[in-house]
Amino acid sequence: MAGHSKWANIQHRKGRQDEKRGKIWTRIIREITVAARAGGGDLSANPRLRLAVEKAKAANMPADRVKYNIDKATGNAEGVNYEEIRYEGYGIGGAAIIIDTMTDNRVRTVADVRHALSKHGGNMGTEGSVAFQFKHCGQLIFSPGTSEDQVMEVALEAGADDVVTDDDGAVEVLTTPGAFEAVKLALEAAGLAPAVAEVTMRPENTIALEGDDAVRMQKLLDVLEDLDDVQEIYHNAAL
Numbered sequence: 498m499a500g501h502s503k504w505a506n507i508q509h510r511k512g513r514q515d516e517k518r519g520k521i522w523t524r525i526i527r528e529i530t531v532a533a534r535a536g537g538g539d540l541s542a543n544p545r546l547r548l549a550v551e552k553a554k555a556a557n558m559p560a561d562r563v564k565y566n567i568d569k570a571t572g573n574a575e576g577v578n579y580e581e582i583r584y585e586g587y588g589i590g591g592a593a594i595i596i597d598t599m600t601d602n603r604v605r606t607v608a609d610v611r612h613a614l615s616k617h618g619g620n621m622g623t624e625g626s627v628a629f630q631f632k633h634c635g636q637l638i639f640s641p642g643t644s645e646d647q648v649m650e651v652a653l654e655a656g657a658d659d660v661v662t663d664d665d666g667a668v669e670v671l672t673t674p675g676a677f678e679a680v681k682l683a684l685e686a687a688g689l690a691p692a693v694a695e696v697t698m699r700p701e702n703t704i705a706l707e708g709d710d711a712v713r714m715q716k717l718l719d720v721l722e723d724l725d726d727v728q729e730i731y732h733n734a735a736l
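Under this note's numbering, the first residue of the sequence shown carries the number 498, and numbering increases by one thereafter.
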């Protein structure tokens with residue numbers, strides 16, 4: 498199955514994340530905190546926490562800091578109570594945007610998200626207004642030049658739903674959220690290391706934006722990413 502070209506977008510996103518390591522650490526700590534409180538501090542019994550700890554390792558967060566935040570979340574120490582809130586909206590050219598946040602003040606967060614959208618050419622939608630355009634799934638992406646046949650053989654045997662080859666040669670493995678970890682481990686055991694491995698909201702279709710529209714959309718995404726309470730942003734714009 499062929500898919501759209503997304504390798505350049507992935508590389509751009511990874512580059513921006515490297516520039517904002519402090520911000521990334523803050524997001525990961527929040528994710529560790531929520532995951533540990535919800536499912537306990539035992540990594541073997543808490544898949545969400547395992548994934549958060551993997552993100553921490555990939556972001557070069559010190560192990561003692563990871564342990565401290567797990568202990569803090571599962572112990573009796575006082576700390577901030579975060580809640581997860583999802584917002585939906587529209588960007589340039591009607592592009593769909595999902596904004597996942599963790600906040601200790603929902604009034605502040607919704608005001609910040611609404612202001613960022615309206616100031617930069619987007620607008621807030623209602624719950625469910627764009628979510629139907631995305632699929633909640635596991636996604637593993639391999640760089641162009643990776644053997645599609647080898648990835649497909651291992652991934653499908655491990656329980657993947659589909660293997661997609663993008664226009665630029667990147668190979669994308671799609672799984673259910675529940676099968677993500679098993680597929681990832683099988684691929685890594687076969688010597689196949691993905692450039693991106695995450696449980697995500699994947700757009701079913703994309704909207705191509707070029708020129709000024711692409712610049713404006715990227716600016717909007719940058720402003721949203723810079724908000725303190727924003728954890729993840731999903732969109733269907735192909736820039």
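Each residue gets a CB set at the ideal place from its N, CA and C atoms; glycine is no exception. Here the structure is a predicted model, which is why all the values come from computation and not from measurement.
Residue i versus the options, residue with shortest Cα-Cα distance
i: Ile-526; options: Val-720, Ala-549, Gly-538, Arg-545; result: Ala-549
i: Arg-465; options: Thr-697, Ile-730, Leu-706; result: There is simply no residue 465 to check, as the chain begins at 498 and stops at 736 in what is shown.
i: Gln-715; options: Ile-595, Asp-539, His-617, Val-651; result: His-617
i: Ala-560; options: Pro-641, Glu-654, Trp-522; result: Trp-522
Where residue i falls, given that 16 or more other Cβ within 10 Å makes a residue buried
i: Val-604; result: exposed
i: Lys-681; result: buried
i: His-633; result: exposed
i: Glu-624; result: exposed
i: Glu-585; result: buried
i: Ala-533; result: buried
i: Cys-593; result: A small fix is needed here, since residue 593 is Ala in this sequence, not Cys. Looking at its Cβ environment, which holds 16 or more other Cβ atoms inside 10 Å, Ala-593 is buried.
i: Phe-631; result: buried
Residue i - DSSP class collapsed to helix/strand/coil
i: Gly-739; result: Because the chain spans 498 through 736 in this model, residue 739 falls outside it and cannot be assessed.
i: Asn-573; result: Because the pLDDT at Asn-573 is just 49, under 50, the model does not fix this residue reliably, and the value given afterwards should be weighed accordingly. Coil.
i: Gly-666; result: coil
i: His-612; result: helix
i: Met-649; result: helix
i: Gly-625; result: coil
i: Pro-674; result: helix
i: Ala-533; result: helix
i: Ala-499; result: Annotation note: pLDDT 42 at Ala-499 (below 50); position unreliable, coordinate value reported separately. Ala-499 falls in the strand class under three-state DSSP.
i: Asn-578; result: coil
i: Ala-690; result: coil
i: Ala-683; result: helix
i: Asp-568; result: helix
i: Asp-659; result: strand
Start-to-end residues for the alpha helix (DSSP H) that takes in residue i
i: Gly-708; result: 708 to 722
i: Pro-700; result: Premise fails: Pro-700 lies in the beta strand (DSSP E), 693 to 700, not in any alpha helix (DSSP H).
i: Leu-548; result: 544 to 555
Proximity test, Cβ basis, 9 angstroms: residue i and chain B
i: Thr-571; result: No chain B appears in the structure shown, which is made up of a single protein chain.
Boundaries (first-last residue) of the beta strand (DSSP E) holding residue i
i: Leu-637; result: 631 to 639
i: Ala-593; result: 593 to 600
i: Tyr-731; result: 727 to 732
Does the contact criterion of 3 or more C-beta pairs under 8 angstroms hold for the region 596 to 612 versus the region 717 to 733? Verdict: yes, contact present.
The region 581 to 600 contacting the region 558 to 572, beta-carbon criterion three pairs below 8 angstroms: With a cut-off of 8 angstroms, the region 558 to 572 and the region 581 to 600 do not count as touching, because too few Cβ pairs lie within range.
Are at least three pairs of beta-carbons, each pair with one atom in the region 689 to 699 and one in the region 637 to 653, less than 8 angstroms apart? In the pairwise beta carbon analysis, the region 689 to 699 is classified as touching the region 637 to 653: at least three pairs are separated by under 8 angstroms.
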